Amino acid sequence: MDNKIIRLENIVRIYQIGEVKVQALKGITYSLEYSEFLAIMGPSGSGKSTLMNILGLLDRPTSGKYYLEGTDVSKLSRDEMAMIRNRKIGFVFQNFNLLSRTSALENVELPMVYSHLNGKDAKEKAMEALASVGLKGWEHHRTNQLSGGQMQRVAIARALVNDPSLILADEPTGNLDSKTGAEIMDIFCRLNQERKITLIMVTHDPVIASYAKRRLYLKDGLIVGEEINQEAGQQPSAEGG
Ligand SMILES: Nc1ncnc2c1ncn2[C@@H]1O[C@H](COP(=O)(O)OP(=O)(O)OP(=O)(O)O)[C@@H](O)[C@H]1O
Ligand SMILES: [Mg+2]
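Take the sequence shown: its letters are residues 235 to 475, numbered as in my numbering.
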């Protein structure tokens, strides 16, 4: 039994546009244990989103192997990728990616369309997920009537509702002010600590990254460093109020 949730072996991703080849990932080897909270940092163009797309089974490596919960997922068909993605992975994006004229509840019910749950059970799970991110009472509001922080909470509830093993978040606080960003990070820390969900987050912001226990640095498609922060999960002290 593989005790790592993720094992990457020499992952390369080359984008080809006409004659031009861009080597976005040049050989990433990395393992992550269950229940970790990892922040991925690095300059623009270093390959962070490319790596997240591969981790999220939205894209396949050009070469290399990716084991997710012990299964080699690097050569699956698109349908097989979609099936595993829907069951095991929740996504949170910078732009929230919600259906805008649709209620918070309907947005959260969406990933359960392919599950075996009946409508009533799906609704109950969605209500629970919304309550767990502090949105009890907001279920029937349309998402375009919500604040940015509330929209990101809806997106987190949607990511949670299929009980994923892994949540991937690409710049989840990029469109939020620092106070709202801190609230979102408190939710992530709680999910990580209480529900043991493995979290991988891309961020440019060192304050946001300091919530994660591990920080991985990418540069030019390669891992150039890793830091472990033993005090992670506790809120960074608020300097200057
Ligand atoms: N779909 C694509 N087609 C061609 N090239 C791409 C594509 N996506 C990314 N790239 C290239 O791959 C490299 C890595 O891009 P990536 O988006 O992974 O960087 P990033 O670290 O997420 O940057 P940012 O911080 O700006 O979001 C860049 O050189 C980029 O131009
Ligand atoms: Mg990116």
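Note that CB positions come from ideal geometry on N, CA and C, so glycine has one too.
In this text the structure is predicted, and so the values were computed from the model without any measurement.
Query raised in the report: Within 7 Å: the Cβ of residue 397 and any heavy atom of ligand 2?
Result: No, since every heavy atom of ligand 2 falls outside the 7 Å radius drawn around the Cβ of residue 397.
Report task. Rounded to whole angstroms, what's the CA-CA distance from residue 396 to residue 456? Just pull it up for me. Result -> The C-alpha of residue 396 lies about 32 Å from the C-alpha of residue 456.
Query raised in the report: Using the C-alpha atoms, what's the distance from residue 252 back to residue 413?
Result: So the alpha carbons of these two residues sit roughly 44 Å apart.
Requested in this report: Please report how far the alpha carbon of residue 406 lies from the alpha carbon of residue 254, in whole angstroms.
Outcome: In a straight line, the C-alpha of residue 406 is about 31 Å away from that of residue 254.
Query raised in the report: To the nearest angstrom, how far is it from the Cα of residue 269 to the Cα of residue 428?
Result: Approximately 10 Å, taken between the alpha carbons.
Query raised in the report: Hey, would you say residue 400 sits closer than 8 Å to residue 322, going by beta carbons?
Result: Yes. Within cutoff.
Query raised in the report: Can a CB atom of chain D be found closer than 8 Å to the CB of residue 311?
Result: Among the chains of the structure shown, chain D does not appear; only one protein chain is present.
**Report entry** Neighbour-count burial assignment, residue 458, 16 or more Cβ in a 10 Å radius
**Finding:** Around the C-beta of residue 458, fewer than 16 other C-beta atoms lie within 10 Å, and the residue is accordingly described as exposed.
Report task. Starting from residue 248, follow the beta strand (DSSP E) in both directions and report where the run begins and ends. Result -> Following the DSSP letters along the chain, one finds residue 248 inside the beta strand (DSSP E) bounded by residues 238 to 251.
Requested in this report: Output yes or no for whether 8 Å exceeds the beta carbon distance between residue 446 and residue 272.
Outcome: In contact: residue 446 and residue 272 (Cβ atoms closer than 8 Å).
Query - Distance CB(residue 332)-CB(residue 385) smaller than 8 Å - result: Yes; because the gap between Cβ atoms is below 8 Å, this pair is in contact.
Requested in this report: Take residue 409 as the anchor and find which of 439, 382 and 432 has the nearest alpha-carbon.
Outcome: For residue 409, the nearest C-alpha among the options comes from 382.
Query raised in the report: Whose C-alpha, out of 299, 466 and 278, is nearest the C-alpha of residue 288?
Result: Among 299, 466 and 278, the Cα nearest to that of residue 288 belongs to 299.
Query raised in the report: How is residue 330 classed by DSSP in three states: helix, strand or coil?
Result: Collapsing the DSSP output to three states places residue 330 in coil.
Report task. State the Cα-Cα distance for the pair residue 475 and residue 417, rounded to the nearest angstrom. Result -> Its pLDDT being 37, under 50, residue 475 is placed unreliably by the model, and the measurement read from it follows with that caveat. Rounded to the nearest angstrom, the two C-alpha atoms are 15 Å apart.
Query - Classification of residue 434 by the beta-carbon crowding that lies within 10 angstroms, buried from 16 upward - result: Counting Cβ neighbours within 10 Å, residue 434 comes out buried, since at least 16 surround it.
Query raised in the report: For the candidate residues 375, 368, 316 and 277, whose alpha-carbon lies nearest to that of residue 420?
Result: For the residues 375, 368, 316 and 277, the minimum Cα distance to residue 420 belongs to 368.
Query raised in the report: What do you get for residue 404, buried or exposed, if any count of 16 or more other CB atoms within 10 angstroms of its CB means buried?
Result: It is buried - the Cβ of residue 404 has at least 16 other Cβ atoms within 10 Å.
Query raised in the report: Cβ-heavy atom distance between residue 278 and ligand 1 below 7 Å?
Result: Checking every heavy atom of ligand 1 against the Cβ of residue 278, one is found closer than 7 Å.
Query - Helix, strand or coil at residue 283 according to DSSP, with G and I counted as helix - result: The answer is helix: DSSP assigns residue 283 an H, G or I state.
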